[in-house]
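In what follows, a single structure is set out as structure tokens and then discussed.
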Amino acid sequence: MRGSCLPSGYSVHHSDRSDPTRSSARHRRANHGDPTRAQRIVTPRIALLGNPNTGKSTLFNRLCGMRTKTANFPGSTVAHQVGRCITKTGQEFDLIDLPGIYSLLLELPESRLCSECLEGRIGDGRPDGALVVLDANNLTRNLQFAASALRRGLPTVIAINMADLAERRGLVIDEHAASEVLGVPVIATSARTGQGMDRLLDALTKTALQSRVPKPPQPYPATEPGSTTSALWAAETFSQIAAHPARTDSAEMTIHDRLDAAFTHPLLGILCFAFMMALLFASIYWLAQFPMDAVDSIFAWVGSAVAAAIPAGTLQDLLVNGIVGGVSATVVFLPQIVLLFFLLALLEDSGYLARAAFAVDRTMRRFGLPGQAFMPLLSSHACALPGIMATRLIPDQRDRLATIFIAPFMSCSARVPVYALLTGILFAGRPLAAGMAFTACYLLGALAGLATAALLRKTILRGPTAPMMLELPDYRLPSVPAAFKIAVDRGLIFLKNAGSVILAIAIVMWWLSAYPKSPSSAECASLEARAVEVQVADPEAAEALRAQASRIDEREQQAGSFAGQLGGLFEPAFAPIGLDRQLTVAVLTSFLAREVFTTTVFVLTGAGHDADGEDSGTLERVRTATRDGGLPLFTLPTSASLLVFFVLAMQCLPTLVVVARETGSWKWAVMQFVYMTAVAYGAAFLTYRLMT
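Numbering follows this note's numbering, with no gaps: position 689 of the sequence shown is 1184.
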């Protein structure tokens, strides 16, 4: 493969002279609010563009590593990643990972955002350059998009990605010829292996940072991708830059065809998907057990150290049972969340999840959902908020409303700690069975969503559904570093939540459960007196009496606290599904954030140090918590009932706010909350009655 070079006729212009809009924007950035900033160097910004499934985000992760953040342009709800690239010479620039699109002129939020970003109508003016990523295995079609991007006149570098896969098929890109024809530097890369990364950074430095604008020998086609003119230009360009004609490995294609036939089959494809998810969740239980035990042990050690360092009293109770214990009850599930997103990222990068989308498409249409609903619903398994906002891609208003209404039924990452706790109680010591139950939770939520969609489309949202159009990416070996980056990002988001919302709720719940203080009862006083009497004759019996008195006093203090009074007020409403006052309060507080359910249970049950003074694991203390009468807090019927309730209930205030904003009315949000709560309560009631 030949080394890259700058094409002949490539012109150099100063950025402030080449574009007045960009010049003024950069001037405003340098001077706004601080006159001394005029002399500071502004970090250049490069927009990262490409079609979906070109490996654009993998390339972004390869170039930026962990130096990334999620952001939104002002006035836009479409999220994008911004990363800092550092060359070997120490030069820095920001890379803006824009959404994958097929055209800059489509009437879609992502297309409008990309177009407005390139034109400088949002953000801090026009970017200093553009990096356009093309798929070497679909180069003819991708070249049409490249021409559309190049017509914007920004200093541009083209990365022809997945070059390693193309070479195995006999296609070698002539970088020198491609640079001459397109008028910009062209680098053959492989984001998965790191091929071409140094040369790509060097080209970006020489081009975007020195404001080298495209100057091709022939004008780019004036039409958008998909037109005859654009297709002919792309075909001719491809013939000039392909050093060798591509050859197809018939044996490899036969295997791929057979896999496609299985994975996209209406019945077999769904069975494969269910098997894959069951295997995934069973793996999560088995693999996450060791790091979860480690996290649990760390928090137990911290709690013991704090208890030993601070005298007994209010401050010790707040730190040990409120902060350390409360946060640990949720953070202990971090390994499962990280593993979940790591394995899902591997499946997506391999090309399998796109096949799974085709397998479920026919089923979705039978329930009145459009094909475009699959990606928003799939996104909702991470979090319902981006999934609901992604429904803007659905053109039909009725289809969009139906998708928004059922998106919260998809099991999000906030439910994972609750699922892990309750399935662990139901199937203790049986990771395979727990994994199957975990899968059943996801399937139950999806089935409830489909049934709800069918009901809506036959009543208040009548109308036809659109077929699904989705590009199937090539099968490829997934990138472990890219999957690791995604998993770490999701883990950091979870930890950020633990350090803010969960910490705040843990402190509030500790205060509500600790006050007001009430004097010890006569029963406790009697036990303490008996302990004094037998202290000399039988020290062990005396210690047992004091422990019994302590437990009784703790339950009485909890019952008389603000949290206990709140739980007692609402307990009659939740008693039919097996909840006592402690679990009632935990369910009510989890409306703010589902994952704080475990934290609230920990704080309310006073699951701090054991009676013998030893600090057991967080999960074990929660699982062995008792009710006022001494019965287990989590019986099997109660655990199953709670599991079903959390699968189906709308326990997320931020989601309701986003639904109201996206639909333009609180009517849909209120109707959604009432409907999902009624369904969850009814299903939990039936589950509890069947198991008692």
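We treat Cβ as the ideally placed atom computed from N, Cα and C, and that holds for glycine.
Just so we're clear, the structure is a prediction, and the values are computed from it rather than from any experiment.
>> Can you tell me whether A978 is buried or exposed? The criterion is at least 16 other CB atoms within 10 Å of its CB, across all chains shown.
In response: Numbered from its first residue, the sequence shown carries residue 978 at position 483. A978 should be labelled buried.
>> Could you compute how far the alpha carbon of V1153 sits from the alpha carbon of I883?
In response: Taking the first residue of the sequence shown as position 1, residue 1153 is located at position 658. Taking the first residue of the sequence shown as position 1, residue 883 is located at position 388. Their Cα atoms are separated by approximately 8 Å.
> Can you check whether the CB of I655 is closer than 8 Å to the CB of A631?
Replying inline: Position 136 of the sequence shown, counting from 1, holds the residue named residue 631. Position 160 of the sequence shown, counting from 1, holds the residue named residue 655. Yes, they are a contact pair.
> According to DSSP, which residues form a beta bridge with G624?
Replying inline: Translated into positions along the sequence shown, residue 624 becomes position 129. Paired residue(s): I541.
> Do you know offhand how far R643's Cα is from A854's?
Replying inline: Locating residue 643 in the sequence shown gives position 148, where the first residue counts as 1. Locating residue 854 in the sequence shown gives position 359, where the first residue counts as 1. The displayed chain sequence assigns Ser, not Arg, to residue 643. When the Cα atoms are used, S643 and A854 turn out to be separated by approximately 33 Å.
>> Considering only the alpha carbon of each residue, which of L677, L1185 and V819 lies closest to P716?
In response: Translated into positions along the sequence shown, residue 716 becomes position 221. Nearest of L677, L1185 and V819 to P716, Cα basis: L677.
> So the alpha helix (DSSP H) A683 belongs to, where does it begin and stop?
Replying inline: Here residue 683 is taken as the residue at index 188 of the sequence shown, counted from 1. No alpha helix (DSSP H) contains A683, which is instead part of the beta strand (DSSP E) from V681 to A683.
>> Looking only at its chain, what residues have a beta carbon closer than 7 Å to the beta carbon of A1020, apart from the 5 residues adjacent to it on each side?
In response: For the purposes of this step, residue 1020 is taken as the residue at position 525 of the sequence shown. Cβ neighbours of A1020 beyond the five flanking positions: none.
>> Which same chain residues end up closer than 6 Å to S974 when comparing Cβ atoms and leaving out the 5 residues on each side of it in sequence?
In response: Position 479 of the sequence shown holds residue 974. The residues are T553, R687 and D844.
> Under three-state DSSP, which class holds R523?
Replying inline: Here the question's residue 523 lines up with position 28 in the sequence shown. Model confidence at R523 stands at a pLDDT of 38, short of 50, so the residue's coordinates are unreliable; what they give is reported in the following sentence. Helix at R523.
>> For the alpha helix (DSSP H) containing T700, name the first residue and the last one.
In response: Reading the sequence shown from its first residue, position 205 is the one you call residue 700. M692 to T702 is the span of the alpha helix (DSSP H), which, as asked, contains T700.
> Assuming I805 contacts Q811 under a Cβ cut-off of 8 Å, what Cβ separation, rounded to an integer in Å, is found between them?
Replying inline: Start at 1 with the first residue of the sequence shown, and residue 805 comes out as number 310. Start at 1 with the first residue of the sequence shown, and residue 811 comes out as number 316. So it is a contact: roughly 4 Å between Cβ atoms.
>> Residues in the same chain with beta-carbon distance under 6 Å from F1180, minus the five sequence neighbours each way, listed in chain order, please.
In response: Taking the sequence shown and counting its residues from 1, the one referred to as residue 1180 is at position 685. Around F1180: P1071 and I1072.
> DSSP puts D630 in a beta bridge; with which residues?
Replying inline: Numbered from 1 along the sequence shown, position 135 holds the residue referred to as residue 630. In the DSSP output, where bridge partners are listed per residue, D630 has N656.
>> Can you tell me where the alpha helix (DSSP H) holding F862 begins and where it ends?
In response: Within the sequence shown, residue 862 is the residue found at index 367, counting from 1. Counting along the chain, F862 falls outside any alpha helix (DSSP H), and DSSP gives it neither H nor E.
> When the distance is taken between beta carbons, is G550 closer than 8 Å to G595?
Replying inline: Taking the sequence shown and counting its residues from 1, the one referred to as residue 595 is at position 100. Taking the sequence shown and counting its residues from 1, the one referred to as residue 550 is at position 55. Contact flag unset, no.
> Mapping DSSP to helix, strand and coil, what is T651?
Replying inline: In the sequence shown, the residue the question calls residue 651 occupies position 156. The answer is strand: DSSP assigns T651 an E or B state.
> What are the start and end residues of the alpha helix (DSSP H) that includes S1013?
Replying inline: The residue labelled residue 1013 in the question sits at position 518 within the sequence shown. Unbroken run through S1013: none, as it is neither H nor E.
> Just checking my contact of A470 with T1182 at CB under 8 Å: how many whole Å lie between their CB atoms?
Replying inline: No answer is possible for residue 470: the residues shown for the chain start at 496 and end at 1187.
>> Taking the beta carbon of V827 as the centre, do at least 16 other beta carbons fall within 10 Å, making it buried, or is it exposed?
In response: By 1-based counting over the sequence shown, the position of residue 827 is 332. Only buried fits V827, as 16 or more other CB atoms lie within 10 angstroms of its CB.
>> My output table needs one value for P709: the three-state DSSP class, helix, strand or coil.
In response: For the purposes of this step, residue 709 is identified with residue 214 of the sequence shown, where counting begins at 1. If DSSP states are grouped into helix, strand and coil, P709 belongs with coil.
> Which whole runs of the beta strand (DSSP E) in the region 968-1042 are 3 residues long or more, in chain order?
Replying inline: Runs of the beta strand (DSSP E) inside the region 968-1042: none found.
> CB P865 to CB D891, shorter than 8 Å?
Replying inline: Counting from 1 along the sequence shown, the entry for residue 865 is found at position 370. Counting from 1 along the sequence shown, the entry for residue 891 is found at position 396. For P865 and D891, yes; Cβs fall inside 8 Å.
> Nearest CA to the CA of T1094: which residue from L1074, Q1060, V1117 and T1079?
Replying inline: Residue mapping note: residue 1094 aligns to position 599 of the sequence shown, counting from 1. The candidate whose alpha carbon is nearest that of T1094 is V1117.
> So what does P1127 bridge to, in DSSP terms?
Replying inline: Residue mapping note: residue 1127 aligns to position 632 of the sequence shown, counting from 1. DSSP lists T1121 as partners of P1127.
> Can you tell me whether W1005 is buried or exposed, with buried defined as 16 or more other CB within 10 angstroms of its CB?
Replying inline: Locating residue 1005 in the sequence shown gives position 510, counting from the first residue. Buried, since its Cβ has 16 or more Cβ neighbours within 10 Å.
>> Using CA atoms only, rank isn't needed, just tell me which of R857, L603 and G820 is closest to L763.
In response: Within the sequence shown, numbered from 1, the residue matching residue 763 stands at position 268. For the residues R857, L603 and G820, the minimum Cα distance to L763 belongs to R857.
> Is the region 626-640 touching the region 916-929 in the sense that three or more CB pairs, one from each, lie closer than 8 Å?
Replying inline: no
> If we ignore side chains and look at the alpha-carbon of each, how far apart do R1184 and P1132 end up?
Replying inline: The residue given as residue 1184 occupies position 689 in the sequence shown. The residue given as residue 1132 occupies position 637 in the sequence shown. Approximately 8 Å, taken between the alpha carbons.
> Given a threshold of 16 other Cβ atoms within 10 Å of its Cβ, counted over all protein chains shown, does S722 qualify as buried or as exposed?
Replying inline: As a first step, residue 722 is located in the sequence shown; it is residue number 227 there, counting from the start. Under a 10 Å Cβ-count criterion, S722 is classified as exposed, with fewer than 16 other Cβ atoms of the shown protein chains found around its own Cβ.
>> Which residue marks the beginning of the alpha helix (DSSP H) containing I901, and which one marks its end?
In response: Here residue 901 refers to the residue found at position 406 of the sequence shown. Here the alpha helix (DSSP H) through I901 covers Q892 to I901.
>> I'd like the span of the alpha helix (DSSP H) that includes T1084, first residue to last.
In response: Within the sequence shown, the letter at position 589 stands for residue 1084. Note, T1084: alpha helix (DSSP H), R1076 to T1084.
> Where does G1159 fall in DSSP's three states?
Replying inline: Start at 1 with the first residue of the sequence shown, and residue 1159 comes out as number 664. DSSP places G1159 outside both helix and strand once states are collapsed to three, so it counts as coil.
> Do the CB positions of T1079 and F1065 come within less than 8 Å of each other?
Replying inline: Walking along the sequence shown from the start, residue 1079 turns up at place 584. Walking along the sequence shown from the start, residue 1065 turns up at place 570. It is a contact, given that the beta carbons lie within the stated cut-off.
> Between the beta-carbon of P604 and the beta-carbon of E966, is there less than 8 Å?
Replying inline: The residue given as residue 604 occupies position 109 in the sequence shown. The residue given as residue 966 occupies position 471 in the sequence shown. Going by C-beta atoms, P604 is not nearer than 8 Å to E966.
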